[in-house]
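Novice: Right, I'll just put the structure down here and ask away after.
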Amino acid sequence: MKFKALALLSLVGLVGCAAYGVAPTQSPAITPVQNFDANRYLGKWYELGRIENSFERGMFKTTAQYSLNSDGSIKVVNSGYDPAKQKFRDATGKAKFVGSPNVGALKVSFFGPFYGGYNVVALDDQYQWAIVVGPNPNKYFWVLSRQPKLTKRLKDKALSVAKGLNVDAAKIIWVQQ
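Number 164 in the working numbering belongs to position 157 of the sequence shown; there are no gaps in the numbering.
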């Protein structure tokens, strides 16, 4: 049941993007990282910052777990604590590369054939943190880390990337882990 509710919320968000003329994949203004290595990206990530959105509203202790599917796509399991429901929720989806697997431009679906853009726009050389945006960075912006603690260095980097994408930094919330 919780998956269906989260999937429905994801669908609403994607339909909203389509209604406003936003393509569900990468925008020309967004530059995904090059020399991307999906195998190094796999594993658990803590969401340390984001722009609040309908499908994560109010949630904390949010994580993303990535693993390889047998068809070469990437399994995505997002989870977090929903204080309104007083329990953890999760959603399972699938990510596929938009073009070359060496570029951090993917599309992700949590509900059937509906995909949204997932662009890794900044990534630590050691794959210890990543900054991800959707087709509209002012609506879909995430700061991910392998560690559950936000460092000043990572926060400064996230704010710098946000500025470069014309993201309103005041909209970024820092997630309690």
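Glycine residues also receive a C-beta, built at the ideal position from the N, C-alpha and C atoms.
#1: So, under 8 angstroms CB-CB, Q72 and V84 are touching, yes? Tell me the CB distance rounded to an integer number of Å.
#2: Helix or strand or just coil, what does DSSP make of D163?
#3: Take P144 and list the residues in its own chain whose beta-carbon comes closer than 6 angstroms to its own, dropping the five residues that flank it on each side.
#4: With distances taken from CA atoms, which of G123, F118 and V127 is nearest P108?
#5: Identify which residue in G56, G100, K51 and A129 has its Cα closest to the Cα of P120.
#6: For the 8 angstroms Cβ check, are there 3 or more pairs between the segment 74-84 and the segment 33-52?
#7: So G111 and P39 are supposed to be a Cβ contact under 8 angstroms. How far apart are they, rounded?
#8: Which stretch, first to last residue, makes up the beta strand (DSSP E) that contains Y73?
#9: Where does A176 land, buried or exposed, given buried means 16+ other C-beta within 10 angstroms?
#10: Take the Cβ of W136 as the centre, count every other Cβ of all protein chains shown within 10 Å, and call the residue buried at 16 or more, exposed below.
#11: Taking C-alpha atoms, which residue in R160, D132, I180 and F117 lies nearest to Q41?
#12: Since F67 and G87 are thought to touch, with beta carbons under 8 angstroms apart, how far apart are those beta carbons, to the nearest angstrom?
#13: With I58 and K146 assumed to form a contact (beta carbons below 8 angstroms), what rounded beta-carbon distance in angstroms separates them?
#14: One question on the structure: do V182 and A165 come within less than 8 angstroms of each other, judged by their Cβ atoms?
Specialist: Taking the geometry as given:
#1: With 8 angstroms as the limit, Q72 and V84 qualify as a contact, their Cβ atoms being about 4 angstroms apart.
#2: DSSP, reduced to helix, strand and coil, places D163 within a helical segment of the structure shown.
#3: If the five residues before and after P144 are omitted, its C-beta is found closer than 6 angstroms to the C-beta atoms of L172 and V174, all from its own chain and listed in chain order.
#4: Nearest of G123, F118 and V127 to P108, Cα basis: V127.
#5: With respect to the C-alpha of P120, the residue from G56, G100, K51 and A129 having the closest C-alpha is G100.
#6: Yes, the segment 74-84 touches the segment 33-52.
#7: Correct: roughly 4 angstroms between the Cβ atoms.
#8: DSSP places Y73 in the uninterrupted beta strand (DSSP E) bounded by F67 to L75.
#9: Answer is exposed; the Cβ neighbour count stays below 16.
#10: Residue environment for W136: buried (at least 16 other C-beta atoms within 10 angstroms of its C-beta).
#11: The residue with the shortest Cα to Cα distance from Q41 is D132.
#12: At roughly 6 angstroms, the Cβ-Cβ gap stays under 8 angstroms, so F67 and G87 are in contact.
#13: Between I58 and K146 the beta-carbon gap is near 6 angstroms, inside 8 angstroms, which marks them as a contact.
#14: Contact check for V182 against A165 fails: the beta carbons are separated by 8 angstroms or more.
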